[in-house]
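J.: Residue numbers (this note's numbering): 85 to 562.
Can you read through this structure? Questions will come right after.
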C-alpha cells in the first residue's frame with residue numbers, strides 16, 4: 085500500500101471514531117444519601133453506577149471526579165512514567181554490574197510509584213521496582229534486605245513472575261523460600277477508615293469496597309491501600325495487614341473539589357422538593373448532555389434507590405426507583421437495573437398511552453434518526469475493505485514487476501500496468517470511504533444534537549429486573 089492509501093485509511097478510521105463518539109450522549113452520574121447514616125450505602129451505589137455508565141456503549145462517561153482533581157491527575161501520571169524510566173535505568177545499571185547506582189535509582193523509583201494512582205495504573209511498576217531492588221541487594225550480599233523485598237512483592241502478588249535473566253541460583257532459592265512462606269501464611273485482615281466521607285477502598289490495585297470496612301483474606305505484610313471519594317484527592321500508603329491493624333485515610337479536598345462538593349450538597353438539599361435544577365448544575369460542571377442522579381432513601385416501606393435523569397435544558401427525561409435490601413449494602417444488580425430502566429425510556433420498551441389525543445412536543449430525536457447515516461457508514465466500511473484488498477494486490481503486482489527479468493518485457497509491462505490500475509482504484513475507494521465516513525459522522529452528530537418535533541405518548545415506562553424486585557423508570561411531561 086502507498087503512503088497516500090495509508091493516510092486515507094487513517095482519516096476514515098478517525099472519522100468513524102468521531103461518528104461513534106458523537107452518537108453517544110455524554111452523561112455525568114452521582115449517588116447521594118439523604119441521611120448521613122446512609123452515606124456508606126450511597127458510596128457503594130455510586131461505585132456501581134460509575135461502572136454501569138463506563139461499560140455502557142450508549143453513553144460517554146463524564147468523569148467529574150477526575151476533573152475535580154485537576155493537575156494532580158497529570159502529575160501522578162508523570163510520577164508513574166518517571167518511575168518506569170528509573171526502573172529501566174536501574175536494570176541497565178544491574179546489567180553493567182553497577183549495583184549501588186541501581187539501588188539509588190530504585191529507591192527513587194519506588195517513592196515516585198507510591199505517588200502515582202496505583203488503583204488505576206495497577207501495582208506492576210511498583211512490583212518490578214521491588215523485585216529489581218531485591219536482585220541488587222543479593223548481589224551486594226544484603227540478603228536480609230533482599231528477602232524483605234521478595235516478601236513484599238509476593239505479599240502483594242503471590243503469582244508474580246521474576247525475570248529469569250537476572251536471577252542467580254542464590255536469588256532463585258530465596259524466591260522459592262519466600263513464595264512458600266507466603267503460601268503457608270494464615271490469611272489476615274486490615275481495617276480501613278476514611279474521613280470526612282466514606283471512600284472507595286482499593287487494595288493492591290483491586291477494588292474491595294467502601295470504608296469503613298475490614299478487608300479480609302490478605303496475606304500478612306505490607307499492602308498498597310488507596311482510598312478515593314468524589315470531590316477529594318486520593319489517599320495512598322503501604323500498610324501492614326494483621327490483627328488490630330488499621331489504615332486511616334484523611335482525604336484532602338481536591339484542587340477543584342469545592343465546586344463538585346457544592347453541587348452534591350445542592351442535590352441533597354433539593355432532592356425532595358425538586359432535584360432537576362441541581363442535577364442540571366452537574367450537567368454543566370461536566371460539560372455533559374445529561375445527568376443520571378440517584379439517592380439512597382430510607383422510606384416507610386423500607387430502603388429504596390430513587391433516580392432522576394435530567395437533560396442539559398434542565399427538563400426531566402425520566403424518573404424511577406428500585407427496592408434495596410434493609411440488611412445489606414446496595415447490590416450491583418439494583419443499581420444496574422435502575423440505570424437500564426431509566427435509559428430505556430428513549431427506546432420505548434414499554435409504552436402506556438392515556439386515552440386522549442397525543443401531545444406534540446419538542447424532545448430528543450429518536451434513535452433511528454436519519455437512515456442515510458447507516459447507508460453512509462456501510463458504504464465507508466465496504467469501500468475501505470475494497471481499498472485495502474486492491475492496495476494489497478497492487479503491492480503484490482509491484483513486487484512481481486521488480487522480480488521480473490527485464491528481458492521479459494511483456495510480463496514486466498503487464499505487472500506494471502496491473503499494479504498501477506489497482507493502485508488507482510484503491511485510491512478511489514479510499515477517497516469514497518473517507519468521504520462516506522465524514523458524511524456518516526456528520527449525520528450521527530446531527531441526530532444527537534438537532535431537536536425534532538415528534539409525537540410522543542404522554543407517559544412511557546421502562547422496567548428492568550433487580551435482585552429482590554423490579555426497577556421502574558417513568559417518562560412524561562414533568
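Where a beta carbon is used, it is the ideal one built from N, C-alpha and C, also for glycine.
Since the structure is predicted, the reported quantities are computational estimates derived from the model, not experimental observations.
(1) Starting from the Cα of residue 291, find the closest Cα among 304, 182 and 308 and give me that residue.
(2) Quick one: what's got a C-beta closer than 7 Å to residue 293's C-beta in the same chain, skipping five residues either side?
(3) Rounded C-beta distance between residue 393 and residue 426? I'm assuming under 8 Å.
(4) Confirm, please, whether the CB-CB distance from residue 252 to residue 327 is below 8 Å.
(5) Counting along the chain, where does the alpha helix (DSSP H) carrying residue 169 start and finish?
(6) Strictly under 8 Å for the Cβ-Cβ distance: is residue 193 near chain B by that measure?
(7) For residue 109, report the span of its alpha helix (DSSP H) as first-last.
(8) Applying the 10 Å Cβ sphere with the 16-neighbour rule, what's the burial state of residue 402?
(9) Under 8 Å by Cβ, that's how I've got residue 144 and residue 177 pegged, so tell me the actual separation to the nearest angstrom.
(10) Measure the beta-carbon distance from residue 112 to residue 318 and round it to whole angstroms, keeping in mind my assumption that it falls under 8 Å.
(11) With 16 other CB atoms within 10 Å as the buried threshold, where does residue 342 fall?
(12) Where does residue 338 sit, in a helix, a strand or coil, going by DSSP?
(13) On the three-pair Cβ rule with 8 Å, is the stretch 499-518 touching the stretch 460-480?
(14) Any idea if residue 440 is buried or exposed, counting beta-carbon neighbours within 10 angstroms, 16 or more meaning buried?
(15) Helix, strand or coil for residue 393? Go by DSSP, reduced to three states.
(16) When DSSP labels each residue in this structure, what does residue 251 get in the three-state scheme?
(17) Taking the beta carbon of residue 207 as the centre, do at least 16 other beta carbons fall within 10 Å, making it buried, or is it exposed?
(18) Are residue 377 and residue 391 touching if we call contact CB-CB under 8 Å?
(19) Determine whether the beta carbon atoms of residue 296 and residue 321 lie at a separation below 8 Å.
(20) Which one or two residues does DSSP pair with residue 212 in a beta bridge?
(21) With distances taken from CA atoms, which of 250, 211 and 232 is nearest residue 243?
(22) Given a threshold of 16 other Cβ atoms within 10 Å of its Cβ, counted over all protein chains shown, does residue 353 qualify as buried or as exposed?
(23) Taking the alpha-carbon of residue 199 as reference, which of 163, 187, 302 and 173 has the nearest alpha-carbon?
(24) Do you know how far the Cα of residue 346 is from the Cα of residue 435?
(25) Which runs of the alpha helix (DSSP H) spanning at least 4 residues fall entirely within the stretch 275-339, listed in chain order?
(26) Can you tell me the Cα-Cα spacing of residue 118 and residue 528, whole angstroms?
(27) What is the rounded straight-line gap between the Cα of residue 423 and the Cα of residue 140?
(28) Is the separation between the beta-carbon of residue 428 and that of residue 524 shorter than 8 Å?
(29) What's the call for residue 385, buried or exposed, on a 16-neighbour Cβ count within 10 Å?
(30) For my contact list, residue 420 and residue 136 are in at a C-beta cut-off of 8 Å; report their separation, rounded to the angstrom.
(31) For residue 398 and residue 361, which I take to be in contact (beta-carbon distance under 8 Å), what is that distance rounded to the nearest angstrom?
T.: On the basis of the data shown:
(1) Numbered from its first residue, the chain shown carries residue 291 at position 207. Selected option, being the one with the closest Cα: 308.
(2) To locate residue 293, count along the chain shown from 1; it is residue 209. Correct list, in chain order: 285.
(3) Position 309 of the chain shown, counting from 1, holds the residue named residue 393. Position 342 of the chain shown, counting from 1, holds the residue named residue 426. Going by Cβ atoms, the distance from residue 393 to residue 426 rounds to 5 Å, so yes, they are a contact pair.
(4) For the purposes of this step, residue 327 is taken as residue 243 along the chain shown, with counting starting at 1. For the purposes of this step, residue 252 is taken as residue 168 along the chain shown, with counting starting at 1. In this structure, residue 252 does not lie closer than 8 Å to residue 327 by Cβ.
(5) As a first step, residue 169 must be located in the chain shown, where it is residue number 85. 155-179 is the extent of the alpha helix (DSSP H) around residue 169.
(6) Absent from the structure: chain B. Only one protein chain is present.
(7) The residue given as residue 109 occupies position 25 in the chain shown. Segment 109-117 is the beta strand (DSSP E) holding residue 109; no alpha helix (DSSP H) there.
(8) The residue you call residue 402 lines up with position 318 of the chain shown. With 16 or more Cβ atoms within 10 Å of its Cβ, residue 402 is classed as buried.
(9) The count along the chain shown starts at 1 and reaches residue 144 at position 60. The count along the chain shown starts at 1 and reaches residue 177 at position 93. With 8 Å as the limit, residue 144 and residue 177 do not qualify as a contact, their Cβ atoms being about 44 Å apart.
(10) The residue you call residue 112 lines up with position 28 of the chain shown. The residue you call residue 318 lines up with position 234 of the chain shown. Not confirmed; about 20 Å, so no contact.
(11) For the purposes of this step, residue 342 is taken as the residue at position 258 of the chain shown. Result: exposed.
(12) Your numbering for residue 338 matches position 254 in the chain shown. Three-state DSSP puts residue 338 in coil, outside helix and strand.
(13) yes
(14) On the chain shown, position 356 is the one that residue 440 refers to. Unreliable positioning characterises residue 440 in this predicted model, as indicated by a pLDDT of 35, which lies under 50. The coordinate reading is nonetheless provided below. So residue 440 ends up on the exposed side.
(15) Taking the chain shown and counting its residues from 1, the one referred to as residue 393 is at position 309. The answer is strand: DSSP assigns residue 393 an E or B state.
(16) On the chain shown, position 167 is the one that residue 251 refers to. Coil at residue 251, not helix or strand.
(17) As a position in the chain shown, residue 207 is number 123, starting the count at 1. So residue 207 counts as buried.
(18) As a first step, residue 377 must be located in the chain shown, where it is residue number 293. As a first step, residue 391 must be located in the chain shown, where it is residue number 307. A contact, by the Cβ cut-off of 8 Å.
(19) Residue numbering aside, residue 296 sits at position 212 when the chain shown is read from its first letter. Residue numbering aside, residue 321 sits at position 237 when the chain shown is read from its first letter. No; because the gap between Cβ atoms is not below 8 Å, this pair is not in contact.
(20) To locate residue 212, count along the chain shown from 1; it is residue 128. Looking at the DSSP assignment, residue 212 forms no beta bridge with any residue, so it has no partner.
(21) Start at 1 with the first residue of the chain shown, and residue 243 comes out as number 159. Measuring from the Cα of residue 243, the nearest candidate turns out to be 211.
(22) Your numbering for residue 353 matches position 269 in the chain shown. The residue is exposed, with fewer than 16 neighbouring Cβ atoms inside 10 Å.
(23) For the purposes of this step, residue 199 is identified with residue 115 of the chain shown, where counting begins at 1. Closest option to residue 199, Cα to Cα, is 163.
(24) One-based indexing of the chain shown puts residue 435 at position 351. One-based indexing of the chain shown puts residue 346 at position 262. Only weak support is given to the placement of residue 435: the predicted model assigns it a pLDDT of 37, under 50, and the value that follows is read from those uncertain coordinates. Those two C-alpha atoms are separated by around 37 Å.
(25) none
(26) Locating residue 118 in the chain shown gives position 34, counting from the first residue. Locating residue 528 in the chain shown gives position 444, counting from the first residue. Each residue's alpha carbon lies about 39 Å from the other.
(27) Here residue 423 refers to the residue found at position 339 of the chain shown. Here residue 140 refers to the residue found at position 56 of the chain shown. Distance between the alpha carbons of residue 423 and residue 140: 10 Å.
(28) Here residue 428 is taken as the residue at index 344 of the chain shown, counted from 1. Here residue 524 is taken as the residue at index 440 of the chain shown, counted from 1. No, the Cβ-Cβ distance between residue 428 and residue 524 is not below 8 Å.
(29) Here the question's residue 385 lines up with position 301 in the chain shown. It counts as exposed.
(30) Along the chain shown, one-based indexing puts residue 420 at 336. Along the chain shown, one-based indexing puts residue 136 at 52. The pair is a contact, with the Cβ atoms about 5 Å apart (cut-off 8 Å).
(31) As a first step, residue 398 is located in the chain shown; it is residue number 314 there, counting from the start. As a first step, residue 361 is located in the chain shown; it is residue number 277 there, counting from the start. With a Cβ gap of about 6 Å, residue 398 and residue 361 count as contacting.
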